[in-house]
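Some notes on the structure that comes next.
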Amino acid sequence: MCLYCRYLLDKRWYDQWKEYVHAGDQNSSSYPGKIDNTELYEDLDSYHLKERLSENEDFVLVPAEAWHKLLSWYDMMDNQPPLERKVIRQHFNVSETAESRLWMRSTDTSSERLRNLNMTVLDACLSSGMVKYTPTIYTPKLWSSVMLCNHLVTFTVISTASLKRHFYWIFGIYMEFCVSRRNSADEDSYRGPPGVCGLTNLGNTCFMNSALQCLSNTPPLTEYFLRNSYLEELNFTNPLGMKGEIAEAYADVIKQMWSGRHYSVVPRVFKTKVGHFASQFLGYQQHDSQELLSFLLDGLHEDLNRVKKKEYIELRDADGRPDQEVAEEAWRNHLRRNDSVIVDTFHGLFKSTLVCPECNKVSVTFDPFCYLSVPLPVSKERVMEVFYVSLDPTAKPTQYRLIVPKAGQVIDLCTALSQATGVPPNQMAVADVFNHRFYRIYQADESLSCILDRDDIFVGCVDQEGEEVVMAIYMRERSHYRDYGSGSNSYSTSLFGHPLLISVPRAQCTREDLYQLLLKRLAYANCSISVANVFFMFMQKYIKHQSMDVPHQQITVQLQECIELFTTVETLEEENPWYCPTCKKHQLATKKLDLWSLPEVLIIHLKRFSYTKYSREKLDTIVEFPLRDLDFSGFLLKKTVNSTEPPCRYDLISVSNHYGGLRDGHYTSYARNKDNGQWYYFDDSKVTYAREEQIVTSAAYLLFYQRQDKIRQPTVPPPVPSSSQPENHVSSQTHDGMDGASSCVSMETD
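Under the UniProt record's numbering, the first residue of the sequence shown is numbered 1, with each subsequent residue one higher.
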């Protein structure tokens with residue numbers, strides 16, 4: 001193995017230099033100037049490189065001799081350090097006739113074969129020390145593990161001619177030295193409870209980690225993979241599947257998590273497979289854990305479908321037949337095309353009833369489902385907080401808490417404020433104040449959905465008698481400093497405080513009139529006035545109206561209410577009409593869903609993300625869901641005929657949580673370990689003990705319930721959290737990726 005020095009050059013500077021050299025003109029406009037690697041840095045204070053830089057896109061590597069020549073010719077930008085890196089070249093002496101393979105190391109004890117020759121290194125999520133070469137007849141330990149803290153390491157793997165035609169890998173990453181050292185040292189001796197294992201955040205992949213932890217703690221599915229039952233049922237020919245690759249990648253992650261040998265598992269291979277078969281999950285953007293779960297359940301089902309050749313089945317309407325007969329027929333037809341561990345575990349059946357509003361034609365079908373997406377009761381009202389500034393110069397701004405229609409307009413806000421102040425709504429001006437200035441002034445007919453809860457809304461009173469001119473007053477303060485370069489005194493100004501709106505008669509808009517009006521307006525506002533420079537010091541306090549003393553009650557609903565809403569009659573939207581076979585045209589029919597039969601594991605998706613024509617929001621409603629004895633007998637149309645049918649009571653086994661808003665946030669999960677019955681809190685790599693009273697929060701997003709007759713008693717006693725453990729950590733590792741605006745919650749137990 002040989003090590004060579006290479007230097008990183010900004011690709012843009014390098015291309016400009018090539019153009020300059022090709023032009024052959026010293027006066028050419030393409031003269032590159034000093035070597036400048038500014039674009040490669042995250043910031044110029046620490047000179048920390050950006051993440052996921054790509055060779056030949058962001059930078060090029062040049063030999064040491066070339067670097068020193070360029071440096072002597074063009075010099076380098078002041079204070080920028082040379083970016084020297086070691087390049088490792090390794091040559092495998094393999095016979096031309098031998099079959100050769102490359103493997104990607106997942107852990108110290110397992111590896112994944114690199115089969116997709118067209119996959120880029122970035123998509124493969126490869127990192128230093130992860131590539132291994134073996135001939136098929138011999139498996140030497142050829143790990144090339146280089147631990148260089150915060151260094152970019154470039155590997156070039158070169159084989160004989162036949163292997164070289166298929167593999168010529170060049171890749172670079174930042175080494176997480178501390179994490180790597182802990183993995184190699186601590187995990188050799190670590191023996192923990194199986195399944196109590198974190199998942200490393202690869203960069204905004206908490207949504208995936210949360211869904212995986214919930215599925216990992218679904219006993220029938222995990223035991224299926226740990227028993228290797230999936231090996232006999234892999235379906236490599238299903239055109240709707242992923243050639244078994246999703247199932248294999250998922251199995252590998254589950255086996256690592258339940259081996260009891262890892263604090264945390266790095267799911268790089270799994271992430272790569274998901275992105276390969278579902279392009280929406282490519283890259284490192286934040287996504288929805290429910291969308292990932294939906295794709296994964298469907299992918300696992302098709303990869304493990306026991307039906308190798310799906311037959312065509314023509315669906316029949318009920319046509320007045322008994323529900324029992326139609327339901328049994330629908331389930332038989334479903335199993336003729338779909339038969340897998342996913343169907344066994346997660347699939348249920350609901351009844352769909354459509355009624356034509358014109359001819360009253362009733363259409364009844366029974367359809368399978370894999371999870372229930374239930375709506376949350378949406379309040380028609382909204383609480384808003386505003387600051388009111390009156391015309392009285394002696395009155396301080398007052399903060400009010402108002403209740404307004406959620407789908408209302410700005411005039412509705414003014415009307416609510418008018419009831420509290422007695423000022424007519426038409427004498428109010430509503431403005432959004434940001435960075436000490438008026439960011440936006442709203443019109444009366446604008447929708448209140450334009451105003452976010454975090455906005456600072458000021459309502460000013462303006463005089464509407466006669467022709468008035470509404471003017472904005474901004475508060476500026478002057479800072480005095482000495483310019484040491486010139487030796488003279490200098491001044492700068494900056495905005496501060498809250499701006500004011502005043503109305504001025506059009507006939508009194510002279511400079512003197514305005515000046516006197518400003519003096520009068522500000523004279524009672526706790527301000528000192530510098531007349532010579534017309535600067536106004538405004539540090540003025542506001543007072544709180546008694547409406548602010550009323551605590552803002554967070555809405556709480558019962559899970560049963562959400563299920564009742566799911567089964568409520570609704571009218572189809574114009575974008576999704578139903579074709580009536582009697583009327584021979586599309587109709588906005590009424591639709592009703594009813595539960596017919598439920599699966600062993602029931603997933604309930606709380607539809608917290610609300611999208612309407614009026615607004616888009618995340619609902620932070622607290623849904624009270626039971627941890628035990630969730631009874632569905634009152635919701636099922638199919639009644640128990642004999643004692644052999646399963647009961648309808650469920651216990652909670654896991655929860656996927658979402659913290660944050662529409663565009664950002666962080667996912668975590670709670671889960672009950674199947675072996676010891678202990679609840680744990682999973683936050684990417686970090687795992688802590690959890691108490692049952694911590695589980696029901698406004699962040700709950702996906703609920704996993706298991707039918708009571710299928711729940712087995714713990715086979716090992718639950719661990720006793722030790723007071724000597726810091727924060728009662730079960731396993732903890734440093735995050736190697738942070739989610740946008742993440743609001744991680746640290747859980748502790750007594």
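Even glycine gets a Cβ: it sits at the ideal position worked out from N, Cα and C.
Item                                                                                                                              : Value
CB contact flag (F625, V696, <9 Å)                                                                                                : yes
Residue-chain proximity (Q286, chain B), Cβ-Cβ < 9 Å                                                                              : The structure shown has no chain B; it contains just one protein chain.
Where S294 sits in the DSSP three-state scheme                                                                                    : helix
Cβ pair S279, R306 closer than 9 Å                                                                                                : no
Three-state class that DSSP yields for P405 in the structure shown                                                                : strand
Beta-ladder partner(s) of W13, from DSSP                                                                                          : DSSP, once it has assigned bridges, lists no residue as partnering W13.
Beta-carbon proximity list for P726, same chain, < 6 Å, skipping 5 on both sides                                                  : For P726, the pLDDT reaches just 37, beneath the cut-off of 50, and the residue's location in the model is therefore unreliable, although a value from the coordinates is still provided. Cβ neighbours of P726 beyond the five flanking positions: none.
Rounded C-alpha distance that separates V153 from P82                                                                             : Low per-residue confidence applies at V153: pLDDT is 35, beneath 50, and the placement is therefore not dependable, though the value from the model is reported in the following sentence. Those two C-alpha atoms are separated by around 15 Å.
Contact belief for S210 with S656 at Cβ below 8 Å, rounded distance in angstroms                                                  : 5 Å
Within 9 Å, strictly: CB atoms of F387 and D456                                                                                   : yes
First and last residue of the uninterrupted alpha helix (DSSP H) at N209                                                          : 206-216
Status (buried if at least 16 other CB within 10 Å, exposed otherwise) for K18                                                    : exposed
P220 - DSSP class collapsed to helix/strand/coil                                                                                  : helix
Burial state of H301, where buried means 16 or more other Cβ atoms lie within 10 Å                                                : buried
Sub-9 Å separation of A330 and F295 beta-carbons                                                                                  : no
Counted within 10 angstroms of its Cβ, other Cβ atoms place C359 as buried (16 or more) or exposed                                : exposed
Candidates T272, I622, W258, G203: closest to Y224 by CA position                                                                 : W258
Of the residues T353, A251, L335, the one placed nearest H347, counting alpha carbons only                                        : L335
Under the three-state DSSP convention, the category M548 falls into                                                               : helix
According to DSSP, residues forming a beta bridge with T365                                                                       : S352
Assigned secondary structure, K18 (DSSP; H/G/I helix, E/B strand, else coil)                                                      : helix
For P63, the residue or residues it bridges with in DSSP                                                                          : R6
Chain-order list of residues whose beta-carbon lies under 7 Å from that of residue 759 (same chain, five-residue window excluded) : No answer is possible for residue 759: the residues shown for the chain start at 1 and end at 750.
Burial state of I603, where buried means 16 or more other Cβ atoms lie within 10 Å                                                : buried
Residues near Y20 in its chain [Cβ-Cβ closer than 7 Å; skip 5 each side]                                                          : S28, S30, Y31, P32
Unbroken alpha helix (DSSP H) run spanning G323, endpoints                                                                        : Per the sequence presented here, residue 323 reads as Asp, with Gly not at that position. Its alpha helix (DSSP H) spans residues 323-337.
Where the beta strand (DSSP E) through M257 begins and ends                                                                       : First-last for M257: 245-257, but that is the alpha helix (DSSP H), not the beta strand (DSSP E).
Distance, N201 Cα to L242 Cα                                                                                                      : Residue identity differs from the one stated: residue 242 is Met in this sequence, not Leu. The straight-line gap from Cα to Cα measures roughly 24 Å.
From A420, F369, V266, E84, residue whose alpha carbon lies closest to that of S685                                               : V266
Where A699 sits in the DSSP three-state scheme                                                                                    : coil
Three-state secondary structure assigned by DSSP to F632                                                                          : coil
Supposed close pair Q269, D288 - CB separation, criterion 8 Å                                                                     : Checking the sequence shown, residue 269 turns out to be Val, not Gln. With a Cβ gap of about 22 Å, V269 and D288 do not count as contacting.
Sequence-distant residues of the same chain with beta carbon closer than 8 Å to V60, five excluded per side                       : L8, L9, K11, Y14
Residues sharing a beta bridge with R382, DSSP                                                                                    : V404
Segment contact flag, the segment 595-602 with the segment 700-708, C-beta cutoff 8 Å, min 3 pairs                                : yes
N-terminal and C-terminal residue of the beta strand (DSSP E) that S654 is part of                                                : 649-659
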